[in-house]
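Quick notes on the structure that follows.
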(Lines of atoms letter the chains of each structure in order from A and count residues from 1; the text may use other names and numbers.)
(Lines give C-alpha, C1' and ligand atoms only; values in the text may rest on other atoms or scores of the structure.)
Protein backbone atom coordinates (compact mmCIF):
# COMPACT_ATOMS: atom_id res chain seq x y z
CA UNK A 1 0.00 0.00 0.00
CA UNK A 2 1.18 3.51 -0.83
CA UNK A 3 0.46 6.02 1.93
CA UNK A 4 -1.22 9.34 1.05
CA UNK A 5 1.11 12.34 0.81
CA UNK A 6 -1.53 14.80 2.02
CA UNK A 7 -4.50 14.59 4.37
CA UNK A 8 -8.00 13.91 3.10
CA UNK A 9 -8.96 17.51 3.91
CA UNK A 10 -5.96 18.97 2.09
CA UNK A 11 -6.75 16.96 -1.03
CA UNK A 12 -10.41 18.02 -0.99
CA UNK A 13 -9.65 21.69 -0.26
CA UNK A 14 -7.32 21.85 -3.28
CA UNK A 15 -10.13 20.59 -5.51
CA UNK A 16 -12.58 23.10 -4.06
CA UNK A 17 -10.16 25.94 -4.76
CA UNK A 18 -9.72 24.74 -8.33
CA UNK A 19 -13.47 24.59 -8.91
CA UNK A 20 -13.85 28.10 -7.53
CA UNK A 21 -11.29 29.33 -10.08
CA UNK A 22 -13.20 27.51 -12.84
CA UNK A 23 -16.51 29.11 -11.84
CA UNK A 24 -14.89 32.56 -11.74
CA UNK A 25 -13.23 32.07 -15.12
CA UNK A 26 -9.85 32.67 -13.49
CA UNK A 27 -8.08 29.43 -14.38
CA UNK A 28 -4.45 28.84 -13.50
CA UNK A 29 -3.99 25.91 -15.91
CA UNK A 30 -1.35 24.48 -13.54
CA UNK A 31 1.08 21.68 -14.34
CA UNK A 32 0.48 21.87 -18.10
CA UNK A 33 3.91 22.55 -19.56
CA UNK A 34 6.96 20.75 -20.93
CA UNK A 35 8.69 20.72 -17.55
CA UNK A 36 5.73 18.92 -16.01
CA UNK A 37 5.71 16.35 -18.81
CA UNK A 38 9.38 15.64 -18.16
CA UNK A 39 8.82 15.43 -14.41
CA UNK A 40 6.15 12.77 -14.84
CA UNK A 41 8.07 10.65 -17.32
CA UNK A 42 8.86 7.88 -14.84
CA UNK A 43 6.12 8.06 -12.23
CA UNK A 44 2.93 9.71 -11.04
CA UNK A 45 1.69 10.78 -7.61
CA UNK A 46 -1.85 12.19 -7.80
CA UNK A 47 -3.55 13.16 -4.56
CA UNK A 48 -7.09 12.69 -5.87
CA UNK A 49 -9.01 10.20 -7.99
CA UNK A 50 -12.16 10.88 -9.96
CA UNK A 51 -15.04 8.60 -10.96
CA UNK A 52 -17.28 10.60 -13.24
CA UNK A 53 -19.74 10.44 -16.08
CA UNK A 54 -18.38 10.25 -19.62
CA UNK A 55 -20.47 13.30 -20.59
CA UNK A 56 -18.31 15.60 -22.73
CA UNK A 57 -19.25 18.57 -20.54
CA UNK A 58 -17.85 17.02 -17.35
CA UNK A 59 -14.06 16.92 -17.77
CA UNK A 60 -12.48 16.62 -14.32
CA UNK A 61 -9.17 18.34 -15.03
CA UNK A 62 -11.01 21.41 -16.34
CA UNK A 63 -13.71 21.57 -13.64
CA UNK A 64 -11.07 21.44 -10.90
CA UNK A 65 -8.40 23.47 -12.75
CA UNK A 66 -5.85 20.65 -12.50
CA UNK A 67 -2.97 19.59 -14.71
CA UNK A 68 -0.92 16.60 -15.74
CA UNK A 69 -0.47 14.07 -12.95
CA UNK A 70 -2.94 15.74 -10.58
CA UNK A 71 -5.99 13.48 -11.00
CA UNK A 72 -6.39 9.76 -11.59
CA UNK A 73 -9.55 9.57 -13.70
CA UNK A 74 -12.04 6.94 -14.81
CA UNK A 75 -15.31 7.79 -16.54
CA UNK A 76 -18.31 5.84 -17.83
CA UNK A 77 -21.96 6.59 -18.52
CA UNK A 78 -23.65 7.49 -15.25
CA UNK A 79 -20.49 7.13 -13.10
CA UNK A 80 -21.29 3.48 -12.36
CA UNK A 81 -19.22 1.51 -9.86
CA UNK A 82 -18.72 -1.74 -11.75
CA UNK A 83 -15.83 -4.22 -11.55
CA UNK A 84 -13.63 -2.13 -13.84
CA UNK A 85 -14.17 1.25 -12.23
CA UNK A 86 -13.90 -0.15 -8.70
CA UNK A 87 -10.61 -1.81 -9.59
CA UNK A 88 -9.35 1.47 -11.04
CA UNK A 89 -10.24 3.38 -7.87
CA UNK A 90 -8.70 0.61 -5.77
CA UNK A 91 -5.47 0.93 -7.76
CA UNK A 92 -5.50 4.68 -7.12
CA UNK A 93 -5.71 4.07 -3.37
CA UNK A 94 -3.41 1.07 -3.02
CA UNK A 95 -0.70 1.88 -5.58
CA UNK A 96 -0.83 5.66 -6.00
CA UNK A 97 -1.75 6.85 -2.52
CA UNK A 98 -4.65 9.16 -3.36
CA UNK A 99 -6.30 10.78 -0.35
CA UNK A 100 -9.71 11.50 -1.83
CA UNK A 101 -12.03 9.98 -4.43
CA UNK A 102 -14.57 12.30 -6.03
CA UNK A 103 -17.65 10.65 -7.51
CA UNK A 104 -19.29 13.21 -9.78
CA UNK A 105 -22.85 13.18 -11.04
CA UNK A 106 -24.25 16.08 -13.04
CA UNK A 107 -27.48 17.79 -13.96
CA UNK A 108 -29.26 16.80 -17.17
CA UNK A 109 -27.51 13.43 -17.27
CA UNK A 110 -28.33 11.46 -20.41
CA UNK A 111 -27.65 8.14 -18.69
CA UNK A 112 -30.13 8.97 -15.94
CA UNK A 113 -32.70 10.03 -18.54
CA UNK A 114 -32.15 6.77 -20.40
CA UNK A 115 -32.51 4.75 -17.18
CA UNK A 116 -35.80 6.53 -16.47
CA UNK A 117 -36.96 5.76 -20.00
CA UNK A 118 -36.18 2.08 -19.49
CA UNK A 119 -38.59 1.93 -16.52
CA UNK A 120 -41.55 3.38 -18.43
CA UNK A 121 -44.38 1.33 -19.90
CA UNK A 122 -42.91 1.69 -23.41
CA UNK A 123 -39.10 1.92 -23.14
CA UNK A 124 -36.99 2.90 -26.11
CA UNK A 125 -34.82 0.37 -27.90
CA UNK A 126 -31.23 0.35 -26.68
CA UNK A 127 -28.35 -2.00 -27.32
CA UNK A 128 -27.81 -4.92 -24.90
CA UNK A 129 -24.59 -3.38 -23.64
CA UNK A 130 -26.26 -0.04 -22.85
CA UNK A 131 -29.22 -1.81 -21.24
CA UNK A 132 -26.89 -3.71 -18.94
CA UNK A 133 -25.15 -0.52 -17.78
CA UNK A 134 -28.45 1.28 -17.21
CA UNK A 135 -29.58 -1.50 -14.89
CA UNK A 136 -27.22 -0.06 -12.27
CA UNK A 137 -29.12 3.25 -12.31
CA UNK A 138 -32.65 1.86 -12.41
CA UNK A 139 -32.88 1.13 -8.64
CA UNK A 140 -32.43 4.84 -7.99
CA UNK A 141 -35.19 5.57 -10.51
CA UNK A 142 -37.56 3.19 -8.77
CA UNK A 143 -36.69 4.50 -5.31
CA UNK A 144 -37.38 8.08 -6.35
CA UNK A 145 -40.59 7.06 -8.12
CA UNK A 146 -41.98 5.21 -5.11
CA UNK A 147 -40.82 7.99 -2.76
CA UNK A 148 -43.06 10.36 -4.75
CA UNK A 149 -46.00 8.09 -3.81
CA UNK A 150 -47.01 7.32 -7.35
CA UNK A 151 -49.29 4.29 -7.70
CA UNK A 152 -48.29 3.11 -11.17
CA UNK A 153 -45.44 0.56 -11.38
CA UNK A 154 -44.28 2.34 -14.54
CA UNK A 155 -42.43 5.64 -14.34
CA UNK A 156 -43.85 8.75 -15.96
CA UNK A 157 -40.85 10.89 -17.03
CA UNK A 158 -42.93 14.04 -16.58
CA UNK A 159 -43.53 13.26 -12.90
CA UNK A 160 -40.06 12.33 -11.72
CA UNK A 161 -37.11 14.57 -10.81
CA UNK A 162 -34.18 13.33 -12.87
CA UNK A 163 -31.62 15.25 -10.79
CA UNK A 164 -33.03 13.66 -7.61
CA UNK A 165 -32.60 10.28 -9.26
CA UNK A 166 -29.01 11.26 -10.02
CA UNK A 167 -28.39 12.10 -6.36
CA UNK A 168 -29.79 8.74 -5.23
CA UNK A 169 -27.61 6.96 -7.74
CA UNK A 170 -24.63 9.00 -6.56
CA UNK A 171 -25.12 7.69 -3.01
CA UNK A 172 -25.39 4.14 -4.31
CA UNK A 173 -22.16 4.51 -6.29
CA UNK A 174 -20.31 5.51 -3.12
CA UNK A 175 -21.86 2.61 -1.23
CA UNK A 176 -20.93 0.23 -4.05
CA UNK A 177 -17.28 1.32 -3.94
CA UNK A 178 -17.23 0.65 -0.21
CA UNK A 179 -18.95 -2.74 -0.58
CA UNK A 180 -16.92 -3.95 -3.53
CA UNK A 181 -13.44 -2.99 -2.29
CA UNK A 182 -11.99 -3.86 1.10
CA UNK A 183 -8.95 -1.76 0.19
CA UNK A 184 -11.16 1.30 -0.21
CA UNK A 185 -13.33 0.68 2.85
CA UNK A 186 -10.28 -0.06 5.04
CA UNK A 187 -8.57 3.15 3.89
CA UNK A 188 -11.70 5.15 4.77
CA UNK A 189 -11.88 3.48 8.19
CA UNK A 190 -8.20 4.28 8.81
CA UNK A 191 -8.76 7.97 8.04
CA UNK A 192 -6.47 7.86 5.00
CA UNK A 193 -9.19 8.20 2.35
CA UNK A 194 -12.32 10.25 1.87
CA UNK A 195 -14.99 9.76 -0.78
CA UNK A 196 -17.05 12.79 -1.75
CA UNK A 197 -20.11 12.49 -3.96
CA UNK A 198 -20.88 15.67 -5.88
CA UNK A 199 -23.34 16.96 -8.43
CA UNK A 200 -22.12 19.33 -11.13
CA UNK A 201 -24.33 22.19 -12.30
CA UNK A 202 -23.72 22.67 -16.00
CA UNK A 203 -24.54 26.38 -16.31
CA UNK A 204 -23.05 27.62 -13.05
CA UNK A 205 -19.98 25.38 -13.17
CA UNK A 206 -20.25 24.53 -9.49
CA UNK A 207 -19.33 21.11 -8.14
CA UNK A 208 -21.61 20.75 -5.10
CA UNK A 209 -20.87 18.04 -2.50
CA UNK A 210 -23.94 15.93 -1.77
CA UNK A 211 -22.68 13.04 0.35
CA UNK A 212 -19.38 11.85 1.74
CA UNK A 213 -17.60 9.28 3.86
CA UNK A 214 -14.31 9.66 5.70
CA UNK A 215 -12.59 12.46 7.56
CA UNK A 216 -13.49 15.39 5.35
CA UNK A 217 -15.35 18.59 6.15
CA UNK A 218 -17.25 19.58 3.01
CA UNK A 219 -18.61 22.77 4.63
CA UNK A 220 -15.25 24.59 4.60
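In my numbering, the protein residues as written are 2 to 221. Built from N, CA and C at the ideal position, the CB exists for glycine as well.
Collapsed DSSP secondary structure at residue i in the structure displayed
i: residue 65; result: coil
i: residue 76; result: strand
i: residue 217; result: coil
i: residue 93; result: helix
i: residue 9; result: helix
i: residue 124; result: coil
i: residue 42; result: coil
i: residue 31; result: coil
i: residue 157; result: coil
i: residue 83; result: coil
i: residue 59; result: coil
i: residue 186; result: helix
i: residue 152; result: coil
i: residue 191; result: coil
i: residue 18; result: helix
i: residue 98; result: coil
Distance CB(residue i)-CB(residue j) smaller than 7 Å
i: residue 104; j: residue 119; result: no
i: residue 49; j: residue 88; result: no
i: residue 130; j: residue 169; result: no
i: residue 208; j: residue 64; result: yes
i: residue 184; j: residue 215; result: no
i: residue 73; j: residue 47; result: yes
i: residue 98; j: residue 5; result: yes
i: residue 95; j: residue 2; result: yes
i: residue 163; j: residue 138; result: no
i: residue 161; j: residue 175; result: no
i: residue 76; j: residue 55; result: yes
i: residue 29; j: residue 71; result: no
i: residue 145; j: residue 166; result: yes
i: residue 172; j: residue 212; result: yes
i: residue 68; j: residue 45; result: no
i: residue 128; j: residue 155; result: no
Start and end residues, beta strand (DSSP E) containing residue i
i: residue 222; result: The chain is shown from 2 up to 221; residue 222 falls before or after that span and cannot be answered.
Residues that residue i bridges to, as DSSP identifies them
i: residue 210; result: 199
i: residue 52; result: 75 and 104
Residue span of the alpha helix (DSSP H) that contains residue i, given as start and end
i: residue 102; result: Looking at the DSSP string, residue 102 is not in any alpha helix (DSSP H); the run it does join, the beta strand (DSSP E), is 101-107.
i: residue 166; result: 163-181
i: residue 129; result: 129-135
i: residue 145; result: 139-148
i: residue 26; result: Taken as a continuous stretch (DSSP letters only), residue 26 belongs to no alpha helix (DSSP H), as it is neither H nor E.
i: residue 70; result: First-last for residue 70: undefined, no H or E at that position.
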